[in-house]
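Enquirer:
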Amino acid sequence: MSIELVTLLLFGSFLLLMIAGVPLVFALGGSAVIGTYFLWGPNALYAVGIRTFSSATSFVLLAIPMFIFMGAMLERSGIAGDLYEMMQKWLGALNGGLAVGTVLVCTIFAALVGVSGAATVTMAMVALPSMLSHNYSKGISLGCIAGGGALGVLIPPSVMMIVLGLYTNTSVGMLFLGGITAGMVIVLLFALYILIVCAWKPELGPAVPVAERASWPEKLRALRSVIMPLALITLVLGSIVGGAATPSEAAGIGALGAMISAASRRKLSWEAVYESCKITLRLSCMVMWIVFAAAIFTSLYAAVGADQLVRDALSWLPGGKWGVLVGMQVIWIVMGAFLDPIGIMILTAPLFFPLAVSLGFDPVWLGVLFVVNMEMAFLTPPFGFNLFYLRSVVPKGVTMGDIYKSVAPFVALQALALVLMIIFPGLITWLPYTLLR
Amino acid sequence: MVAVMRMFVRTIDGLNGFVGRAVALGLLGLIALVVWEVFLRYGLNAPTTWGNELITYLFAAYILLGGGYTLLHRDHVSMDIVYSSLPPRGQATIDVLTAFFVIVYCVVLMQQTWIMTYEALERGQTANSDWGPPLFPVYLAMPIGAALILLQAVAKLVRDLHMAITGRPLMGERRTRDRGEPAL
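As they're listed, the protein sequences go chains A and B.
Its first residue numbered 1, the first sequence is counted upward by one per residue in the working numbering.
Its first residue numbered 1001, the second sequence is counted upward by one per residue in the working numbering.
(1) DSSP three-state label for Pro65 (chain A), please.
(2) Helix, strand or coil for Thr1126 (chain B) per DSSP?
(3) Using the rule of at least 16 other Cβ atoms within 10 Å of the residue's Cβ for burial, across every protein chain shown, is Pro23 (chain A) buried or exposed?
(4) Could you tell me the boundaries of the alpha helix (DSSP H) in which Ala263 (chain A) lies?
(5) I'd like the list of long-range same chain contacts for Pro395 (chain A), defined as Cβ closer than 8 angstroms, with 5 residues on each side in sequence excluded.
(6) Quick one: is Thr57 (chain A) near chain B, going by C-beta distance under 9 angstroms?
(7) Just how far apart, CA to CA, sit Gly343 (chain A) and Phe297 (chain A)?
(8) Just confirm the distance between the C-beta atoms of Met160 (chain A) and Pro318 (chain A), as a whole number of angstroms; I'd bet it's less than 8 angstroms.
(9) With a threshold of 16 other CB atoms inside 10 Å of the CB of Pro65 (chain A), please say whether the residue is buried or exposed.
(10) Going by the CB atoms, is the gap between Thr170 (chain A) and Gly320 (chain A) shorter than 9 angstroms?
(11) Give me the subset of the segment 1122-1136 of chain B whose CB atoms are less than 7 angstroms from a CB atom of chain A, sorted by chain position.
(12) Listed from N- to C-terminal order along the chain, which residues in the segment 1156-1168 of chain B have their beta-carbon within a distance smaller than 8 angstroms of any beta-carbon of chain A?
(13) For the alpha helix (DSSP H) that contains Pro363 (chain A), what are its first and last residues?
(14) Evaluate contact between the segment 102-114 of chain A and the segment 195-203 of chain A, counting only Cβ atoms and requiring at least three cross-stretch pairs below 8 angstroms.
(15) Taking 9 angstroms as the CB-CB cut-off, is Glu1181 (chain B) touching chain A?
(16) Taking Cβ-Cβ distances shorter than 8 angstroms, what residues in chain B pair up with Phe338 (chain A)?
(17) Looking only at its own chain, which residues have a Cβ that is under 6 angstroms from the Cβ of Tyr167 (chain A), when we skip the five neighbours before and after it?
(18) Taking 9 angstroms as the threshold (C-beta atoms), are Val411 (chain A) and Leu355 (chain A) in contact?
(19) Have a look at A:Ala32, A:Met86, A:Ile240 and flag the residue whose alpha-carbon is nearest the alpha-carbon of Met174 (chain A).
(20) Would you please verify whether the beta carbon of Phe26 (chain A) is less than 9 angstroms from any beta carbon of chain B?
(21) Within 10 angstroms of the Cβ of Ile1055 (chain B), are there 16 or more other Cβ atoms? Answer buried if so, exposed if not.
(22) Nearest to Ser1078 (chain B) by alpha carbon, out of A:Leu235, A:Ala211, A:Leu16?
(23) Nearest to Phe190 (chain A) by alpha carbon, out of A:Pro425, A:Trp430, A:Ala408, A:Val48?
(24) Can you name the residues of chain B whose CB is closer than 7 angstroms to the CB of Gly30 (chain A)?
(25) Measuring CA to CA, which of A:Phe38, A:Ala72, A:Gly29 is closest to Arg51 (chain A)?
(26) How is the alpha helix (DSSP H) around Pro341 (chain A) delimited, first residue to last?
(27) Output yes if chain A places a C-beta closer than 9 angstroms to the C-beta of Gln1152 (chain B); else output no.
(28) Pick helix, strand or coil for Pro1134 (chain B), following the three-state DSSP scheme.
(29) Can you name the residues of chain B whose CB is closer than 9 angstroms to the CB of Leu45 (chain A)?
(30) Under a three-way DSSP split, which group does Ala93 (chain A) fall into?
(31) Who are the neighbours of Ile34 (chain A) on chain B, taking C-beta pairs under 8 angstroms?
(32) Determine the chain B residues that contact Cys106 (chain A) at a beta-carbon separation under 9 angstroms, and present them in chain order.
(33) State the DSSP-derived secondary structure class of Thr429 (chain A), mapped to helix, strand or coil.
(34) Would you report the Cα separation of Leu281 (chain A) and Leu1028 (chain B), rounded to the nearest angstrom?
(35) Output, in chain order, the set of chain A residues within a Cβ distance shorter than 8 angstroms of Ile1066 (chain B).
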């Protein structure tokens, strides 16, 4: 069969299957198996086994279940509630203080877990009722939870960065470090936005009444709740950043640490461990089986000339190498509204990263830009994950329309952050290239 | 006929449910091994030559054997914006039409990895590393994992056929992914 026909078959069947709601793993795997068969014949299918084995036996990817388990245990240990209470005591007296506190709790949570759903769901249960009962507007309360929750994939540890590191031959440690400063930029933008809007229109996020404010001894006592999370963050991230341990080793220690900290809070039940184990297997398999199928699918890229096609298409854009970069961001934003981030990464990274590197762009910088871009994907309708998480846990009286409206300013802030990081690459590259040269 | 279908689907669900729960708990062992290896390396400065390799193989088995369990829970992520707007019977009909692609991937994966495994056994292949364990037991997780996900895909096809033809579920179950559970 001719190459043109196989190309059409490969991408055509993949797109059709995706639209028909077939899980990504089977859409990739099914079309790749058929494409391989028609391009190289039945004997070439031997590569299916070889590629599956080599993607399954990657020591780096072992960090994925470890970090997911760590997050699942911490979610069940109740630290989010304590952290929020602490923020309420310290920041409640400010207009918009509870919303800023929510973003800060999400930030701490993001430094403990590698996915975005955990913080969103937890904070929607802990912080949302509290903010609404303090007369915060729906827009600010829902928006800060959805926006803050998305930080989970940007602030290390991050499951997405681990897979990205493997796919683009980039150091996971460097990506993690770039994610720290990039995350800080977004947190700062969110906090400033909330404070400015609430100073201008206090009815959107009124300060807690004087009678309810905490005294100094109460505030200081509340600080105890941050000790354990900070210790765990220092231990896990510190050992990766300091170069002492690989991400997988640090993640294993973190998983044990999460169990110990749950035990210290008397929340280490057999049920919590068992449920965490089950959800960890399901999420890890979801990611890893996509990686298996994608390994076969993307090996056909070069054969059918997809990389050359993308190179040619992007080189038509005006503005030279910067036109190419902006083109990539736009493609990611559009895909982000429809596809899930891991799928987008697996489809585009093998095409975009070599091209960008050959144009002289830094792979760590581009990798973190990709993750910042994907933060938006978590919030953009119709297929933003965080919107669905919120809908599944919000109290009655909050509609999907409320949720869509609430995230608009936060998506705009993320877009602003993306532009800032493109103009000032140092916002991402400074820390990794200073510490790990 | 329907009774046979129900029994088949219930058996497969039970099998993957059992394997999944057992494998899920295996994570605790994996964590213990990683922590132990870290302790040997950084605490006693005496790392093993085989620790990380063993952990990697166990991790591969963990993921491979959990694929069917993940399909049982409908956790394999998809783009469901068109799909989720359809009524259950329409979804089942589409799933029947696309089942060929799902099953062809599972069958090829099972067949090809079985060939690899069988050759490893026949030729006594060992891993190309300092430790150099035999590859046969390492490979074996692949055809077994592929068979588990294949069986679950067939069970899903049986369910979908029943729904598409009669408009009623084969047995009580939820059809869509549970959105409340955290994903990536």
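Yeah, the Cβ is synthetic: ideal placement off N, Cα and C, and Gly gets one too.
Expert: Quick look at the numbers:
(1) Here Pro65 (chain A) carries a helix assignment [DSSP, helix/strand/coil].
(2) Shown here, Thr1126 (chain B) sits in a strand according to DSSP, grouped into three states.
(3) It counts as buried.
(4) 247-264 is the extent of the alpha helix (DSSP H) around Ala263 (chain A).
(5) Close CB contacts of Pro395 (chain A) within its chain, under the 8 angstroms cut and outside five residues either way in sequence, are with Leu128, Pro129, Leu132 (chain order).
(6) With 9 angstroms as the cut-off, Thr57 (chain A) counts as an interface residue toward chain B.
(7) Approximately 12 angstroms, taken between the alpha carbons.
(8) Contact doesn't hold; Cβ gap of about 31 angstroms is too wide.
(9) With 16 or more other CB atoms across the displayed protein chains lying within 10 angstroms of its CB, Pro65 (chain A) is buried.
(10) Against a cut-off of 9 angstroms, the Cβ pair of Thr170 (chain A) and Gly320 (chain A) comes out as no contact.
(11) So nothing in the stretch comes that close.
(12) When C-beta distances to chain A are compared with 8 angstroms, every residue of the segment 1156-1168 of chain B stays at or above that value.
(13) Run containing Pro363 (chain A): 363-377, per the alpha helix (DSSP H) assignment.
(14) With the cut-off at 8 angstroms, the segment 102-114 of chain A and the segment 195-203 of chain A do not touch.
(15) Residue confidence is low: Glu1181 (chain B) scores 46 on pLDDT, short of 50, so the model does not pin down where it sits. No coordinate-derived value is stated.
(16) What Phe338 (chain A) touches in chain B: Met1079, Ile1081.
(17) The beta carbon of Tyr167 (chain A) lies closer than 6 angstroms to those of Ala349 in the same chain, with the five residues before and after it left out.
(18) If you check the CB distance, Leu355 (chain A) and Val411 (chain A) do not come in under 9 angstroms.
(19) For the residues A:Ala32, A:Met86, A:Ile240, the minimum Cα distance to Met174 (chain A) belongs to A:Ile240.
(20) Yes, Phe26 (chain A) lies at the interface with chain B (some Cβ there is under 9 angstroms from its Cβ).
(21) Here Ile1055 (chain B) is buried: its Cβ has 16 or more other Cβ atoms, across all protein chains shown, within 10 Å.
(22) Comparing Cα positions, the closest option is A:Leu16.
(23) Of A:Pro425, A:Trp430, A:Ala408, A:Val48, the residue nearest in Cα terms is A:Ala408.
(24) Chain B residues near Gly30 (chain A): Phe1101, Val1102, Val1104, Tyr1105.
(25) Comparing Cα positions, the closest option is A:Gly29.
(26) 341-358 is the span of the alpha helix (DSSP H), which, as asked, contains Pro341 (chain A).
(27) Output row for Gln1152 (chain B): interface = no.
(28) Reduced to three states, the DSSP call for Pro1134 (chain B) is strand.
(29) Val1108, Gln1111, Gln1112, listed in chain order.
(30) Note: Ala93 (chain A) maps to coil in three-state DSSP.
(31) Phe1101, Val1104, listed in chain order.
(32) Those do not exist, as Cys106 (chain A) stays about 14 angstroms from chain B at its closest Cβ, beyond 9 angstroms.
(33) Residue state for Thr429 (chain A) is assigned as helix, using DSSP reduced to three classes.
(34) Roughly 11 angstroms separates the two Cα atoms.
(35) For the sequence presented, residue 1066 (chain B) should be read as Gly rather than Ile. Residues of chain A passing the Cβ test: Leu281, Arg282, Ser284, Cys285.
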